[in-house]
Amino acid sequence: MYERALRPLRLRATQLTILQVLSRAGEAAQGQLGEMLAMDSTSLTRSLAIMVRQGWITEHRGKDRRARWLRLSGAGEARLRRALPVWEKVQSSLRREVGEQAWNDLLQVTRQMTGLITTKSE
4 MYERALRPLR
14 LRATQLTILQ
24 VLSRAGEAAQ
34 GQLGEMLAMD
44 STSLTRSLAI
54 MVRQGWITEH
64 RGKDRRARWL
74 RLSGAGEARL
84 RRALPVWEKV
94 QSSLRREVGE
104 QAWNDLLQVT
114 RQMTGLITTK
124 SE
């Protein structure tokens with residue numbers, strides 16, 4: 004549902020999540036971003052390369068040349084502003100379809116799984 008809804012914006016759900024996290028974080032090293040997203044580095048690197056080419060994310064190297072720091076560009080902020088209402092509409096629709104209790108249960112399980120994944124990878 005999310006992919007289909009975001010397709011007209013030429014945005015994938017994973018890319019939207021990255022934009023959201025960077026919007027909240029301001030700036031983050033790629034490793035930190037991967038931890039926040041509980042995302043493997045290969046998938047994250049691939050997604051980031053596309054997003055940098057699109058001009059949605061800017062990057063620079065830190066003092067340690069291995070560190071790659073990322074932040075939203077103006078184009079990324081604009082893309083996020085356009086995408087959020089679409090994402091919220093899908094969220095509301097799903098919430099209505101599954102019901103409040105099932106929705107809350109799903110969120111709780113998602114948080115637990117994310118916690119387990121991030122704890123196991125440390």
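As numbered in my numbering, residues 4 to 125 make up the sequence shown, in order. We put the CB at the ideal spot given by N, CA and C, even for glycine.
May I have the straight-line CA-CA distance separating L119 from A78, to the nearest angstrom? If you number the sequence shown from 1, residue 119 lands on position 116. If you number the sequence shown from 1, residue 78 lands on position 75. Those two C-alpha atoms are separated by around 34 Å.
How big is the Cα-Cα spacing for E100 and W106? Walking along the sequence shown from the start, residue 100 turns up at place 97. Walking along the sequence shown from the start, residue 106 turns up at place 103. C-alpha separation (whole angstroms): 9 Å.
Measure the beta-carbon distance from L47 to L73 and round it to whole angstroms, keeping in mind my assumption that it falls under 8 Å. Sequence index remark: in the sequence shown, residue 47 carries index 44 (1-based). Sequence index remark: in the sequence shown, residue 73 carries index 70 (1-based). Going by Cβ atoms, the distance from L47 to L73 rounds to 10 Å, so no, they are not a contact pair.
Are L25 and I60 touching if we call contact CB-CB under 8 Å? Within the sequence shown, residue 25 is the residue found at index 22, counting from 1. Within the sequence shown, residue 60 is the residue found at index 57, counting from 1. Taking 8 Å as the Cβ cut-off, L25 and I60 qualify as a contacting pair.
Sheet register partners of R71 (DSSP bridge): Residue 71 sits at position 68 when you count from the first residue of the sequence shown. In the DSSP output, where bridge partners are listed per residue, R71 has R64.
Could you tell me the boundaries of the alpha helix (DSSP H) in which A8 lies? For the purposes of this step, residue 8 is identified with residue 5 of the sequence shown, where counting begins at 1. Start and end: 5–9.
Could you give the uninterrupted runs of the alpha helix (DSSP H) lying entirely in the region 16–100, keeping only those of 4 residues or more? 16–28, 33–40, 44–57
Rounded to whole angstroms, what's the CA-CA distance from L97 to A81? Just pull it up for me. On the sequence shown, residue 97 is found 94 positions in, with the first residue counted as 1. On the sequence shown, residue 81 is found 78 positions in, with the first residue counted as 1. L97 and A81: Cα-Cα distance of roughly 25 Å.
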